[in-house]
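Working notes for the structure below.
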Amino acid sequence: MDGAAASAARRVELRPVGAQDHPLLHRWVTSPHAVYWEMTEAGLADVVAEYEAIAAHPHHHAHVGLVDGTATFLVEVYDPAHSELAGRYAGAPGDVGLHVLVAPTDTPVPGTTDLVMAAVVRWCLAQPGARRVVVEPDERNAAIRAKNLAAGFTELGPVALGSKTAMLSIATPESFTASRIGVLAAGLDLTLPEPPLLLTPDRQVSA
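Residues in the sequence shown are numbered from 719 upward in steps of one, following our numbering.
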């Protein structure tokens, strides 16, 4: 079995972040591995406050991702029109913002990050009225920028966001489907919740 086939044979699930996840998320976001998440100095109370605020936000949702039953990644989806991106790029109806963090591990399994990217971008594009996925990684994060390109994202240029300079990047259904990671997504075994309603009707693109 080649690497792509092996990844596609694994099972990916998503569930909303709950209070029981806060200690786990604290370990993840304070790891040196997560330096670009900008929470390495956060205490548990900071993480609780952050994810309780997200849970209460109508246009921002957080989920824990499981691979073969093991909590493996964190994914956040949001409407860029209700975020710090608003007014900082040429946004359009149907844009869905994405943040993803793959958990640090001492026993990495080859292909896991590709698998996670395939699942979460596919899920983003399943949002009602979605037309583009928008990401804004730190411009210094070469690894995730390369992964985004492999998933069909096009880099549009730097954008100042808070304490970082982000590399604004966008993927469409067509660019994702044609990408190396998009090809992997087509064969995934996914158990995903119905996409949350992020985009109000005026922000959706009709099919």
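A virtual CB, placed ideally from N, CA and C, is assigned to each residue, including glycine.
Small disclaimer: the values here were computed from a predicted structure and weren't measured.
Nearest-angstrom Cβ-Cβ length linking residue i and residue j, presumed shorter than 8 Å
i	j	result
A848	V814	5 Å
V753	L743	Rounded, the Cβ-Cβ distance is 16 Å, inconsistent with contact.
A896	G870	6 Å
V839	A889	6 Å
A804	P811	Wrong, their Cβ atoms sit about 13 Å apart, outside the cutoff.
C-alpha gap between residue i and residue j, whole angstroms
i	j	result
L906	A763	36 Å
N859	N866	11 Å
G900	L816	16 Å
P741	W841	26 Å
D739	H781	10 Å
A737	E854	27 Å
D824	A808	40 Å
S887	G829	22 Å
V1009	E731	The chain is shown only over 719 to 925; residue 1009 falls outside these bounds and no answer can be derived.
Where residue i sits in the DSSP three-state scheme
i	result
V766	helix
H779	strand
T872	strand
E756	coil
T890	coil
A864	helix
V901	helix
Same chain only: Cβ atoms within 8 Å of residue i, ignoring 5 sequence neighbours per side
i	result
P891	L843, R849
M757	V747, T748, D764, V765, E768
E802	L879, G880
Same chain only: Cβ atoms within 7 Å of residue i, ignoring 5 sequence neighbours per side
i	result
D786	R728, R729
R898	A868
F791	G783, V818, L819, V820, A821, V834
is_contact[residue i, chain B] using C-beta, thresh 7 Å
i	result
D824	Here there is only one protein chain, and chain B is not present.
Own chain partners of residue i with C-beta closer than 6 Å, once the 5 adjacent residues on each side are dropped
i	result
H775	none
V827	none
A903	A836, R840
Legend entry - Inside the stretch 782-834 only - beta strand (DSSP E) runs reaching at least 3 residues: 788-796, 813-820
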